[in-house]
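For what it's worth, this note's numbering labels the leading residue of the sequence shown as 10, then goes sequentially.
For every residue, glycine included, the Cβ atom is placed at its ideal position computed from N, Cα and C.
Take a look at the structure set out below.
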Amino acid sequence: MAATEQELSAVFEQTIAADQRIEPRDWMPEAYRRTLIRQIAQHAHSEIIGMQPEGNWILRAPSLRRKAILLAKVQDEAGHGMYLYAAAETLGVDRAELTEKLIANKQKYSSIFNYPTLSYADVGVIGWLVDGAAICNQVPLCRCSYGPYARAMIRICKEESFHQRQGYELLLAMVNGTEAQREMVQESTNRFWWPSLMMFGPPDGDSPNTRQSMAWRIKRHTNDELRQRFVDMTVPQSEALGVTLPDPDLRWNEERGHYDFGEPDWDEFKAVISGSGPCNAQRLAHRRRAHENGAWVREAARAYAEKQTAKRTGRVAA
Ligand code: BYC
Numbered sequence: 010m011a012a013t014e015q016e017l018s019a020v021f022e023q024t025i026a027a028d029q030r031i032e033p034r035d036w037m038p039e040a041y042r043r044t045l046i047r048q049i050a051q052h053a054h055s056e057i058i059g060m061q062p063e064g065n066w067i068l069r070a071p072s073l074r075r076k077a078i079l080l081a082k083v084q085d086e087a088g089h090g091m092y093l094y095a096a097a098e099t100l101g102v103d104r105a106e107l108t109e110k111l112i113a114n115k116q117k118y119s120s121i122f123n124y125p126t127l128s129y130a131d132v133g134v135i136g137w138l139v140d141g142a143a144i145c146n147q148v149p150l151c152r153c154s155y156g157p158y159a160r161a162m163i164r165i166c167k168e169e170s171f172h173q174r175q176g177y178e179l180l181l182a183m184v185n186g187t188e189a190q191r192e193m194v195q196e197s198t199n200r201f202w203w204p205s206l207m208m209f210g211p212p213d214g215d216s217p218n219t220r221q222s223m224a225w226r227i228k229r230h231t232n233d234e235l236r237q238r239f240v241d242m243t244v245p246q247s248e249a250l251g252v253t254l255p256d257p258d259l260r261w262n263e264e265r266g267h268y269d270f271g272e273p274d275w276d277e278f279k280a281v282i283s284g285s286g287p288c289n290a291q292r293l294a295h296r297r298r299a300h301e302n303g304a305w306v307r308e309a310a311r312a313y314a315e316k317q318t319a320k321r322t323g324r325v326a327a
């Protein structure tokens, strides 16, 4: 006799409570599937759109070495997008459908990529702060309850650590260079600090998804917990670089054993995630153009796959 929905739901809850993984063939509540598709799609889109701000500097990298490093990093982001679209596909969606939703502005991507990259120091600061924030947020996702997402995150996190270090190494070179280079690093840090804090999402009190995602062990920490962890980790790094973080309220709180810090501008955050950030229109237009220009590649790949299948099965391709 087939199990009832109640029995299937009990097995699901037990699996979560025992800290085991839910796999694609397992029964799962529709809302769990929908939440994962939303988060993984948003994450995949972020990796793909995230190629644009840094890609902007590949042709203007100051040396062959810097160009090779930046090329490798941007290529890694494309790879991360691919692993994540593959993880989303295990939930019964198609990556073509997700891309259509992205370019139709129906699915989100990380707010951080709607800010411009105005100087080469931004490449270092993105590695240091943006990839640093990404690591803080993503390491706990390696223990997410959904198997394919958790496994994709393990590899992604290893590569993100390299990205963070390349950013920090670039900044170390710049702060040990000329006064103009040090100023570039400070100016870039001033622009990216607050948007980096916003990457963790709204404050817990305004986060509609956190409670349920924590109960399902998709998220392991709240947005505010991870933001605090990021600040605590980053302040000593800023001191080592000799860079000031643009927050007059930032100070060590002996009692809490954490840094206190100011409130990001949540109105700015809301504007950016609802499409009115400095680069939203530009990022989506670029992605749309790349999708249209790539139509012939998808067509060729499809024709090739059909030919291979026809060869294997002895049928002639239509
Ligand atoms: N930007 O209830 P909440 C990278 C949305 S890629 C835009 O807290 P949740 C990298 C949220 O989707 C980094 N939207 O949501 C790549 C929700 O909207 P909907 C990407 C945001 O899901 C290239 C609403 O606000 N990382 O590192 O529980 C180069 C309410 O929020 C943002 C990931 O995607 C935001 N910052 O928590 C370099 C990590 N924050 O869908 C680096 C995976 C919130 O209800 N994602 N929203 O309309 C997560 O961990 C979680 O989804 C979040 C948000 C913590 C981001």
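Please return the same chain residues whose Cβ sits closer than 6 Å to the Cβ of residue i, not counting the five positions on each side in sequence.
i	result
D256	F270, G271
C153	A159, I227
N150	Residue 150 is actually Leu in this sequence, not Asn. Correct list, in chain order: M162.
D85	E168
P157	A96, T99
L111	H54
L254	W202, S247
K76	A70
A304	none
I78	Q175
Could you check if residue i is buried or exposed, using at least 16 other CB atoms within 10 Å of its CB as the buried criterion?
i	result
P71	exposed
L68	exposed
N114	exposed
A50	buried
K82	buried
L206	buried
Y268	buried
R296	buried
T344	The first residue shown for the chain is 10 and the last is 327, placing residue 344 beyond what the model contains.
T322	exposed
Q173	buried
R298	exposed
V313	For the sequence presented, residue 313 should be read as Tyr rather than Val. So Y313 ends up on the exposed side.
W261	exposed
Q175	buried
Q48	buried
Taking CB distances under 7 Å as the criterion, tell me whether residue i reaches chain D.
i	result
V252	Absent from the structure is chain D; it holds one protein chain and no more.
Give me, in chain order, the residues of the same chain whose beta-carbon lies closer than 8 Å to that of residue i; leave out the 5 immediate sequence neighbours on both sides.
i	result
T231	D213, S216, T219, M223
S197	L127, S128, A130, D131, G133, V134
N289	N123, V281
L259	V240, V244, Y268, D269, F270, G271
S120	P204, M207, M208, F278, V281, I282, G286
T44	N218, Q221, S222, W225, I227
R30	T24, S154, Y155, G156, A159
Using CA atoms only, rank isn't needed, just tell me which of the options is closest to residue i.
i	options	result
H54	D233, F21, M183, A97	A97
R238	P204, C166, A143, E248	A143
P273	P38, R200, I25, Y129	R200
F171	L235, R265, G136, L181	G136
M91	L79, R104, G323	R104
R74	L179, M193, E56	L179
A87	E106, L79, I57, R311	I57
G101	E32, F122, S119	E32
H89	M60, W66, Q116	M60
E63	E263, A27, D140, A290	D140
P204	T187, D276, Q173	D276
E192	R229, V240, V252, A40	V252
Y177	V194, A299, N262	V194
V184	L45, D241, A249	A249
D35	R43, I46, V20, I78	V20
Q15	Q29, G186, P38, R236	P38
R42	D28, A12, W225	W225
H52	I78, E308, Q23, L93	L93
L138	Q190, L79, R236	R236
R292	E106, Y118, E308, R47	Y118
Q116	G284, I78, G210	G284
Among residues of its own chain, excluding the 5 on either side of residue i, which ones have a beta-carbon nearer than 7 Å to its beta-carbon?
i	result
C166	I144, Q147, V148, C151
I25	S154, W225, R226
H300	T108, I112
N65	T126
L80	I67
R229	P149, R152
I46	A97, L100, V102
G210	S216, N232
A189	none
A12	none
L17	W36
Just list the alpha helix (DSSP H) runs in the segment 245-302, keeping only unbroken ones of 4 residues or longer that don't cross its boundaries, in chain order.
-> Entirely contained in the segment 245-302, the alpha helix (DSSP H) runs reaching 4 residues are, in chain order, 275-280, 289-302.
Inside the segment 128-157 only - alpha helix (DSSP H) runs reaching at least 4 residues = 130-134, 140-147
What residue ranges within the segment 200-230 form continuous alpha helix (DSSP H) runs of no fewer than 4 residues, ordered along the chain?
-> 219-224
Where are the beta strand (DSSP E) runs, 3 residues long or more, that stay fully inside the segment 66-123, in chain order?
-> none
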